[in-house]
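Read through the structure below, which is laid out as structure tokens, and then see the notes.
2 protein chains.
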Amino acid sequence: MTTPYQLYYWDGLQGRGEFVRLALEEAGVPYVDVARGKGGMAALKASLDGGKVDHPSFAPPVLRAGELLIGQTANILQFLGARHGLAPRSQEGRLWTNQLQLTIADMVAEAHDTHHPISTNAYYEDQKKEAKARSKDFRAQRIPKFLDYFEGIMERNPGRGGYAVGSRLSYVDLSLFQLLDGLMYAFPKTMAKLAPSYPRLHALHAKVAQRPNIAAYLNSTRRIANNETDIFRHYPELE
Amino acid sequence: MTTPYQLYYWDGLQGRGEFVRLALEEAGVPYVDVARGKGGMAALKASLDGGKVDHPSFAPPVLRAGELLIGQTANILQFLGARHGLAPRSQEGRLWTNQLQLTIADMVAEAHDTHHPISTNAYYEDQKKEAKARSKDFRAQRIPKFLDYFEGIMERNPGRGGYAVGSRLSYVDLSLFQLLDGLMYAFPKTMAKLAPSYPRLHALHAKVAQRPNIAAYLNSTRRIANNETDIFRHYPELE
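Quick note, the sequences are listed as chains H and U, same order.
Mapping the first sequence onto this note's numbering, position 85 (from 1) lands on 85, and the numbers just tick up by one.
Mapping the second sequence onto this note's numbering, position 109 (from 1) lands on 1109, and the numbers just tick up by one.
Structure (structure tokens):
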């Protein structure tokens, strides 16, 4: 039997691929992290090449599921969530889950731009001054605005169990874990100072980390360590 | 009978709300643009208030459809597309359409950041120098990268009729119209120079503008004029 899923994402980065990895790991389905194997980079590039595939993606992550080739993180998660019980079944629940994931994606993009506010094509060192200014705004304005929102969502979720949506784990919970994890790595002082304001998000972070499949994953070599080529980077001068 | 849809979006801006307006106008369904009416701002704010609605959005646009309250542009379009024949019926087609819309959303966010690269909370005038640097990169690197991608998608679409997906109009076509329209307003010189590279995108722009419902809309007072409080802004110094 062929492995059901092939994930195409840059080797060496958690990046946006990590949101997909966490869903696959939680679901406990076999997958190949293509770019980490032999010839993987060529395969990754092919997934972006309209001469080679029908639905080329603008950027990784890309997931192959049999005949389907799916790009854009939230789109992949919507697909996996429906297939593996990581999203509500009702239309209302599906829309709400997707909406929250897209808001997480917006914050991830802003977190990236803290170290690359001028150009993704230039070195961090060449836009450090601007990165300091953008990071200051991100720490003071954007982190509280986004996390207040997500904490409020959890507070008002009528479902039990401390999840973001309803009373069962969804891919949004996995993504909130990753978001918080990345923010704590990149901005440890800010996040420590703000921690008392976000008890539910921190409880969720701990809870997700302890789920058997996630705990095993985090302790494996499949989990790539945080590093300064990633979306969440720890540059002490930015805090 | 109640109007089937209420759209909550800032008055005076095309913004992200415009992608939703174009879908509603093309579908020919009645809707109320709530914030443009009496008491509209209070209603808009309520749609973001978790004390007042079950599923508060982080930011507009928000669409009310009966009992459903839906946020995030691509999420709203996915919902409307399925309901009003503005998206393919197959799972593969739906995923692909959503993927393209999310890539459009990524470019829209980058277009916004050309004039606000440091902080959305600060004035443009206070980040003009950085805006010039980011716009230079956007014009030289990002516009070609994104538009090459979308032009390639159209070129390789096996469907007839000059649409982005298959052989029928989808919400992605409406959004590509709006994307191109905004870019031509904000960066007229750049877009004029690049126009010969994007014949399919420009043909689509013309084709969408001529659809009866869209043409009527564009000629109505419902279409808000481009302006410098919007996502796409024309600042001559940024080009």
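Don't be surprised by glycine CBs; every beta carbon is placed ideally from N, CA and C.
| Check | Outcome |
| --- | --- |
| Any C-beta of chain A under 8 Å from that of U/Ser1220 | Any reference to chain A falls outside this structure, whose protein chains are H and U. |
| Reduced DSSP secondary structure (H/G/I, E/B, other) of H/Ala195 | helix |
| Nearest to H/Pro56 (by Cα), restricted to the options U/Thr1097, U/Gly1039, U/Thr1114 and U/Pro1030 | U/Thr1097 |
| Start-to-end residues for the beta strand (DSSP E) that takes in H/Gln6 | Tyr5 to Tyr8 |
| Touch test, the stretch 8–16 of chain H against the stretch 38–49 of chain H, Cβ-Cβ under 8 Å, three pairs minimum | yes |
| Chain-ordered residues of the stretch 1078–1090 of chain U with a beta carbon less than 9 Å from chain H | Gln1078 and Phe1079 |
| Cβ-based burial, H/Arg21 [other Cβ within 10 Å; buried from 16] | buried |
| C-beta neighbour in chain U for H/His202, strict 8 Å | no |
| Sub-8 Å separation of H/Pro61 and H/Pro30 beta-carbons | no |
| CB of H/Gly248 within 8 Å of CB of H/Thr221, strictly | Here chain H comprises residues numbered 1 to 239, so residue 248 of chain H is not present and cannot be evaluated. |
| U/Gly1015, DSSP secondary structure in three states | coil |
| Residues that U/Asp1033 bridges to, as DSSP identifies them | U/Leu1007 |
| Members of the stretch 1089–1108 of chain U near chain H, C-beta cut-off 7 Å | Glu1092, Leu1095, Trp1096, Asn1098, Gln1099, Leu1102 and Thr1103 |
| Euclidean distance between Cα positions of H/Lys52 and U/Met1191 | 29 Å |
| Whole-number beta carbon distance between U/Gly1162 and U/Arg1200, since they are thought to touch under 8 Å | 7 Å |
| Inter-residue Cα distance where the pair is H/Gln178 and H/Pro188 | 15 Å |
| DSSP bridge partner residues for U/Val1062 (one or two, in chain order) | U/Tyr1008 and U/Gly1071 |
| Assigned secondary structure, H/Thr221 (DSSP; H/G/I helix, E/B strand, else coil) | coil |
| Beta-carbon separation (whole angstroms), U/Ile1214 vs U/Glu1025, contact threshold 8 Å | 6 Å |
| Partner residues on chain H for U/Arg1134, Cβ-Cβ distance less than 8 Å | Pro117, Ile118 and Ser119 |
| Touch test, the stretch 1127–1141 of chain U against the stretch 1060–1077 of chain U, Cβ-Cβ under 8 Å, three pairs minimum | no |
| Neighbour flag for U/Leu1147 against chain H, beta carbons, 8 Å | no |
| H/Arg156: contacting residues in chain U (beta-carbon distance under 9 Å) | Gly1050, Gly1051, Asp1054 and Pro1056 |
| Rounded separation between U/Val1172 and H/Pro196 - CA only | 43 Å |
| Local Cβ density within 10 Å of H/Ala23, reported as buried at 16 or more and exposed below that | buried |
| As assigned by DSSP and simplified to three states, the class of U/Gly1040 | helix |
| Chain-ordered chain H contacts of U/Ile1070 [CB-CB under 8 Å] | Leu95 and Gln99 |
| Cα-Cα separation between H/His202 and H/Asp148, rounded to whole angstroms | 13 Å |
| Rounded straight-line distance, which links the Cα of H/Ala87 to that of H/Gly93 | 7 Å |
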